[in-house]
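Reviewing the structure listed below.
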Amino acid sequence: MFRNTYDSDITVFSPQGQIWQIAYAQEAIKQGSAVVGLRSNTHAVLVALKRAPSELASYQNKMLRVDNHVGIAFAGLTSDARVLSNYMRQLALSSRMLYARPLPLSRIASALADRAQLNTMQYGKRPYGVGFLIIGVDGA
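Residue 1506, in our numbering, is where the sequence shown stops; the numbers in between run on with no holes.
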């Protein structure tokens, strides 16, 4: 049996029980630049490896600001990261506009997980090929 028969959609399992679209998304994350997050009681740091630029491509920033209290670093497909970071920005902005306070990190992470999970369950969609490190400060 050919692998191509079973990699056309997210709802199709191979005879071995694997969903190839999810395997492809995981491989895209593995192929991304290294990203490291460190934290202590007083500080938090995100570090991303800056690869040597090729002649045909420009450097793409792997760290983005979501809100005043939240930053992210990612590995994988930059286009997927931009879609999801814009989603997180919309959530944070909505919280500031409606409740006049920043959205807690746990809510951002939970909403992001829910959004990513939907793409693994719907016909005609594909899983996001990006992994995130989310860092921030929650007021306590």
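A virtual CB, placed ideally from N, CA and C, is assigned to each residue, including glycine.
- About 21 Å separates the beta carbon of I1474 from that of M1487, a gap too long to meet the 8 Å contact definition.
- For A1400, no beta strand (DSSP E) segment is defined, and its DSSP state is neither H nor E.
- Counting only residues of its own chain and dropping the five nearest sequence neighbours on each side, I1500 has a CB closer than 7 Å to the CB of V1436, I1438, L1471, I1474 and A1475.
- For secondary structure counted as the alpha helix (DSSP H) over 4 or more consecutive residues, the stretch 1403–1476 holds these complete runs in sequence order: 1444–1465.
- DSSP places F1498 inside the beta strand (DSSP E), whose first and last residues are V1496 to G1502.
- Note on V1411: under 16 other CB atoms within 10 angstroms of its CB, so exposed under the neighbour-count rule.
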